[in-house]
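>
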Amino acid sequence: MSESAVSTGQGTANASSAPFLQLVAQQANMAMMMLGLVPHPGSGKTSRDLDAAKMFIDQIEALQQKTKGNLTREEEKMLNQTVMSLQLAFVEAVESPSAPSADAPSGETPAAAAASAGSETAAAGTAAPEEEPRKRFSKKY
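Counting in the working numbering, the sequence shown runs from 1493 upward without gaps.
#1: Could you pull out every residue in the same chain whose Cβ sits closer than 6 Å to the Cβ of G1599, ignoring the five residues on either side in sequence?
#2: Take the Cβ of R1565 as the centre, count every other Cβ of all protein chains shown within 10 Å, and call the residue buried at 16 or more, exposed below.
#3: Hey, how far is the Cα of Q1579 from the Cα of K1537?
#4: Counting Cβ pairs closer than 8 Å, one from the region 1510-1522 and one from the region 1546-1557, do we hit at least three?
#5: Helix, strand or coil for N1562, going by three-state DSSP, please let me know.
#6: Indicate whether F1512 and L1542 have their beta-carbon atoms separated by less than 9 Å.
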């Protein structure tokens, strides 16, 4: 009976470990997608959003800090390896900003899209100040 109790206890530990490992893997996949290393599953296109990638990496680091001492060796090893590999990938992505735009399958790169969006808002921004002073200084008697 003691063997079955031990094996049941291990099964419970593995069962409780699985959701945690899935959570870490999900956050890591989102970080890799935001780094442009993995294509978006819906569109199949890669894009880069370093701020979002940093947010996902920071969340995994927070999990690492908050769960310290409460993890199995397997969980701790997986979490440490995930954090280190994501941090390295983030540094590489920051140091080589032009690499993913060449790999992007779309005709317009994310940087070009941001530049064109910025020029549209700049054009709209120049038209708005002309209208504002007219409204501010009009007087009715």
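Glycine is no exception: its CB is placed at the ideal position from the N, C-alpha and C atoms.
Note that the structure is predicted; figures quoted are calculated from it, not measured.
Taking the geometry as given:
#1: As a working note, residue 1599 is residue 107 in the sequence shown. Bear in mind that a pLDDT of 42 at G1599, under 50, signals an unreliable position, so the number given afterwards is only what the model happens to contain. Result list for G1599: empty, nothing under 6 Å.
#2: Counting from one through the sequence shown, the residue named residue 1565 turns up at place 73. With fewer than 16 other Cβ atoms within 10 Å, it is exposed.
#3: Numbered from 1 along the sequence shown, position 87 holds the residue referred to as residue 1579. Numbered from 1 along the sequence shown, position 45 holds the residue referred to as residue 1537. Looking at the two C-alpha atoms, the distance is approximately 23 Å.
#4: yes
#5: As a position in the sequence shown, residue 1562 is number 70, starting the count at 1. Correct three-state label for N1562: coil.
#6: Within the sequence shown, residue 1512 is the residue found at index 20, counting from 1. Within the sequence shown, residue 1542 is the residue found at index 50, counting from 1. For F1512 and L1542, no; Cβs fall outside 9 Å.
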